[in-house]
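In terms of UniProt numbering, the sequence shown is residues 1 to 99.
In this text, a Cβ means the ideal position worked out from N, Cα and C, and glycines have one as well.
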Amino acid sequence: MANLHAALSQLRDRLLERIIWIDAICINQHDNNEKGQQVQSTTKIYANANRVIVWLGEAAEDSDQALGALRTAAEEQQLFASQTEKDAPKSSQLRLGLM
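Okay, here's the thing in structure tokens:
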């Protein structure tokens with residue numbers, strides 16, 4: 001629960017009301033059936049959220065390096081996805097190819 005306390009301390013804003021989903025509290029961590037059901041529900045929770053903040057824990061010595069690697073991977077994935085979309089034949093091109 002020390003990690004939860006750290007997260008809540010960092011996320012606290014006296015001027016902003018927040019609704020927070022905390023897996024450690026909202027899901028019975030000792031019941032595998034409940035965890036399985038609740039994990040499926042988290043997709044809906046995140047999809048309907050205006051904003052999602054993920055707490056990974058207190059910063060470590062190499063946190064900046066790890067987050068930089070994640071940013072780079074996300075940018076590369078976006079670039080790849082946009083190139084793939086651009087190179088994919090349009091539906092009109094597919095119809096012409098079938099005729």
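message = Between the alpha carbons of residue 101 and glutamine 29, how many angstroms are there, rounded?
response = No answer is possible for residue 101: it lies beyond the span of the chain, which begins at 1 and ends at 99.
- Item | Nearest to isoleucine 53 (by Cα), restricted to the options Gln65, Glu85, Ala60, Asp23 | Asp23
Put glutamate 61 into one of helix, strand or coil per three-state DSSP. coil
* To do: Assign alanine 7 to buried or exposed, taking buried as 16 or more other Cβ atoms, counted over all protein chains shown, within 10 Å of its Cβ.
  => buried
Leucine 67, DSSP secondary structure in three states: Of the three classes helix, strand and coil, the one that applies to leucine 67 here is helix, per DSSP.
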